[in-house]
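Sequences listed follow chains A and B, in order.
Counting in my numbering, the first sequence runs without a single skipped number right up to 198 at its last residue.
Counting in my numbering, the second sequence runs without a single skipped number right up to 198 at its last residue.
Cβ coordinates follow ideal geometry from the N, Cα and C atoms, glycine included.
Just so you know, these numbers come straight off a predicted model, no measurement behind them.
Reviewing the structure listed below.
Protein chains: 2
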Amino acid sequence: MRPAPDRRRQLLDTAAEVFAAQGYDATTVRRIADAAGLLAGSLYYHFDSKESMLDEILSAFLDELLAGYDTVLAAGLGPRETIEALVTESFREIDRHRAAVAIFQKESRHLQDQPRFEYLADARHRFETAWLGTLERGVAAGDFRADLDVRLTYRFVRDTVWVAASWYRPGGRHSPEEIARQYLSMVLEGIASRTRT
Amino acid sequence: MRPAPDRRRQLLDTAAEVFAAQGYDATTVRRIADAAGLLAGSLYYHFDSKESMLDEILSAFLDELLAGYDTVLAAGLGPRETIEALVTESFREIDRHRAAVAIFQKESRHLQDQPRFEYLADARHRFETAWLGTLERGVAAGDFRADLDVRLTYRFVRDTVWVAASWYRPGGRHSPEEIARQYLSMVLEGIASRTRT
DNA sequence: TAACCTACCAAACACTTGTTAGGGAAGGAG
DNA sequence: CTCCTTCCCTAACAAGTGTTTGGTAGGTTA
Numbered sequence: 002m003r004p005a006p007d008r009r010r011q012l013l014d015t016a017a018e019v020f021a022a023q024g025y026d027a028t029t030v031r032r033i034a035d036a037a038g039l040l041a042g043s044l045y046y047h048f049d050s051k052e053s054m055l056d057e058i059l060s061a062f063l064d065e066l067l068a069g070y071d072t073v074l075a076a077g078l079g080p081r082e083t084i085e086a087l088v089t090e091s092f093r094e095i096d097r098h099r100a101a102v103a104i105f106q107k108e109s110r111h112l113q114d115q116p117r118f119e120y121l122a123d124a125r126h127r128f129e130t131a132w133l134g135t136l137e138r139g140v141a142a143g144d145f146r147a148d149l150d151v152r153l154t155y156r157f158v159r160d161t162v163w164v165a166a167s168w169y170r171p172g173g174r175h176s177p178e179e180i181a182r183q184y185l186s187m188v189l190e191g192i193a194s195r196t197r198t
Numbered sequence: 002m003r004p005a006p007d008r009r010r011q012l013l014d015t016a017a018e019v020f021a022a023q024g025y026d027a028t029t030v031r032r033i034a035d036a037a038g039l040l041a042g043s044l045y046y047h048f049d050s051k052e053s054m055l056d057e058i059l060s061a062f063l064d065e066l067l068a069g070y071d072t073v074l075a076a077g078l079g080p081r082e083t084i085e086a087l088v089t090e091s092f093r094e095i096d097r098h099r100a101a102v103a104i105f106q107k108e109s110r111h112l113q114d115q116p117r118f119e120y121l122a123d124a125r126h127r128f129e130t131a132w133l134g135t136l137e138r139g140v141a142a143g144d145f146r147a148d149l150d151v152r153l154t155y156r157f158v159r160d161t162v163w164v165a166a167s168w169y170r171p172g173g174r175h176s177p178e179e180i181a182r183q184y185l186s187m188v189l190e191g192i193a194s195r196t197r198t
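Here's what the structure looks like:
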């Protein structure tokens, strides 16, 4: 008998893949079992419910992401460098947790009403603090344009990064760092205040 | 007896609202009926199926949107003005069909495999032609930066516009035109090639 | 008045869903 | 060998799903 404690993670990975492709509600437990090569009932040896699979997928991703954000924020960089680091970190996370990111994008909005998934709203709030705070700091420091609505800018930056998960495929032409660089180039040249008026 | 030929559209509007909020698969026919103030079975007097409601919502929206795009493209504007017009038109469409846009965003990816919803893939292709063509034209004309990956730029512009549907609420602080102006300001200052190197 | 149409309800249908209970095969430990 | 744990299967369950059928209130037409 193999020990296989990573069997659990392996099942979660295939589940995440199916969830991301079909949507959580449209995905049946039997479909996951098919993709994993076992029968539907057998999944319940590893997990108590379909919902707890989703829970584990999302919280594992968010834990890692928020830890990465905290590291960036603790580095004490300037506003512009912080934004650059946040974007790069985000694309690395998309590279590693593409499926989880796609699920989060699609389902979090209506999941966060459920008590079990309250932490999704918390995560959103911590995103907002990180991004919005950095933007405001940058506006005050003169790094970013002051003539834009800050909240609109925040949503703009946040969305431009995260929607990439809907088309990004690991192993493609561009590395996460390369994509981050191009995105930053596009975003910053619009956000950074011109040195010459 | 009231004639009420718009009863159909009224039902479609509430259905679209529920679909957008909960997701298509997560939405039950009884939930729609509840919101509309009748019983589940009664919906089948107006529509043959739940799927055909979705079909009608999406195709009505796409018809109007693509017609708007065609008008813009037929105007014979320059690349930059075309992009501006496309973005503005898109935000107007988001303003009018917010629910349909949200549904399209969430569900189209996995719906377009079904034969019935092939037109979704067609629509995506026409989007790509409109946006990507304009961008390439602009690069050739010197309106947009040439040092960026065009496909990446296309996805960037496209996504930044459409994700706005996930947070936009009509009747808010900003009009569609105002949001379009701010978005364009952010996007273009990054895409437009600098007049001075 | 009688026939008719519109818009709905009440009740059921077949089917799929997530989930559970009991059992069994395969290897490791004693 | 025997016990035990791990991992899976078989078979079923109750609840909920989209959908259909027959009926009916009430206004319109003749």
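For a Cβ distance threshold of 9 Å, residue set 146, 148, 149 and 191 of chain B lies close to residue 186/A, ordered along the chain. Contact with chain B is absent for residue 62/A, since none of that chain's Cβ atoms lies less than 8 Å from the residue's Cβ. Taking the C-beta atoms as reference points, residue 101/A is found nearer than 8 Å to residue 59/A. DSSP links residue 62/A through a beta bridge to no other residue. Sixteen is the threshold: since fewer than 16 other Cβ atoms of the shown chains lie within 10 Å of the Cβ of residue 126/A, the residue is exposed. At a beta-carbon threshold of 7 Å, the residues of chain B lying near residue 24/A are 24, 26 and 111, ordered along the chain.
By the CB criterion at 8 Å, residue 155/B and residue 104/B fall outside the cutoff. Closer than 8 Å at the C-beta level to chain B, one finds these residues of the region 170-183 of chain A: 175, 180 and 183. Between the alpha carbons of residue 169/B and residue 21/B lies a gap of roughly 13 Å. At least 8 Å separates the CB of residue 140/B from every CB of chain A. About 15 Å separates the beta carbon of residue 131/A from that of residue 140/A, a gap too long to meet the 8 Å contact definition. The three-state secondary structure of residue 48/A, taken from DSSP, is coil. Straight through space, the alpha carbons of residue 96/A and residue 177/A are spaced by roughly 6 Å. Contact of residue 156/B with chain A is assigned, a C-beta pair being separated by under 8 Å. For a Cβ distance threshold of 9 Å, nothing in chain A lies close to residue 132/B: the least Cβ distance comes to about 14 Å. Within 10 angstroms of the beta-carbon of residue 142/A lie fewer than 16 other beta-carbons, which makes it exposed.
Residues of chain B whose Cβ lies closer than 7 Å to the Cβ of residue 164/A are, in chain order, 160 and 164. Going by C-alpha positions, residue 50/B is about 23 Å away from residue 65/B. Taking CB atoms only, residue 107/A has a neighbour in chain B less than 8 Å away. Contact with chain B is absent for residue 87/A, since none of that chain's Cβ atoms lies less than 8 Å from the residue's Cβ. Fewer than three pairs of CB atoms, one per stretch, sit closer than 8 Å, so the region 28-35 of chain A makes no contact with the region 78-96 of chain A. Cβ atoms of residue 62/B and residue 54/B stay farther apart than 8 Å, at about 13 Å. Counting other Cβ atoms within 10 Å of its Cβ, residue 68/B stays below 16 and is therefore classed as exposed. If the five residues before and after residue 136/B are omitted, its C-beta is found closer than 7 Å to the C-beta atoms of 145, 151, 154 and 155, all from its own chain and listed in chain order.
The CB of residue 59/B never comes closer than 7 Å to any CB in chain A; the least such distance is about 16 Å. DSSP places residue 184/A in the uninterrupted alpha helix (DSSP H) bounded by 177-192. By the neighbour-count criterion, in which a residue is buried when 16 or more other Cβ atoms sit within 10 angstroms of its Cβ, residue 72/A is exposed.
Residue 157/B has no beta-bridge partner at all, per DSSP. Just so you know, the alpha carbons of residue 85/A and residue 161/A end up roughly 13 Å apart.
Chain B has a Cβ within less than 8 Å of the Cβ of residue 153/A.
Between the beta-carbon of residue 13/A and that of residue 57/A there is about 6 Å, and that keeps the pair under the 8 Å contact cut.
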